[in-house]
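Under the numbering used here, the residue at position 108 of the first sequence is numbered 236, and the numbers go up by one with no gaps.
Every residue gets a Cβ at the ideal spot worked out from N, C-alpha and C, and that includes glycine.
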Amino acid sequence: MSTPESFNERVYEVVKRIPRGLVATYGQVAALAGNHRNARFVGYALHVNPEPGMIPCHRVVFRDGSLAPGFAFGGPEEQRVLLEGEGVAFTPPVKCQKNAGAEGWLVDLSRCQWQD
DNA sequence: AGATTGACAGACA
DNA sequence: CTGTCTGCCAATC
């Protein structure tokens with residue numbers, strides 16, 4: 129009710145609701161915003177980022193737990209520091225991890241994935 | 001004003 | 001198991 133706002137605004141609301149120390153995936157945010165298919169729209173919403181500093185895009189990660197390489201505010205390395213500073217559990221760069229979004233550093237979704 | 005892209009994710013072959 | 005394709009909405013060219 130009284131929320132005819134586009135998914136875009138919906139995404140901002142969800143992302144801003146992510147508690148400190150936890151992270152959410154694009155799919156989860158998109159799911160809370162309406163449909164998990166909007167995952168690509170979630171990234172777009174954060175891309176416009178009409179309210180910088182207000183939307184913790186660093187708390188939004190891929191389904192694999194990796195981040196957006198090159199699109200983070202200052203680099204995936206900075207993101208790891210921020211999340212780690214918030215108390216988010218990270219997995220060390222495993223050699224067998226071909227998923228090296230943030231230099232092999234993946235967020236431990238098993239522990240820190242945000243759940244409403 | 002129309003076509004294409006876009007920080008993804010899931011389903012299918 | 002890997003690779004490819006589609007689906008969704010809005011913004012941009």
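Residue i to residue j span [Cα, whole Å]
i	j	result
S134	G162	10 Å
P220	R165	30 Å
V151	N136	19 Å
Q241	V216	9 Å
Q207	D244	23 Å
W233	A196	12 Å
R191	T153	6 Å
P178	A159	21 Å
R239	E141	23 Å
E205	F218	12 Å
Contact set for residue i: own chain, Cβ-Cβ below 7 Å, skip 5 residues either direction
i	result
V139	V157, A161, V170, A173
L210	H186
P147	W242
P184	V143, I146
Where the alpha helix (DSSP H) through residue i begins and ends
i	result
E141	135-144
H175	167-176
S238	237-240
L158	Contrary to the premise, residue 158 reads as Ala rather than Leu in this sequence. Segment 154-161, the alpha helix (DSSP H) holding A158.
Residue i vs residue j beta-carbon contact at 8 Å
i	j	result
A167	G181	no
F201	H186	yes
V189	V235	yes
E214	G149	yes
Close Cβ partners of residue i (< 6 Å) along its chain, the five nearest in sequence each way excluded
i	result
L237	G193
Own chain partners of residue i with C-beta closer than 8 Å, once the 5 adjacent residues on each side are dropped
i	result
V176	N136
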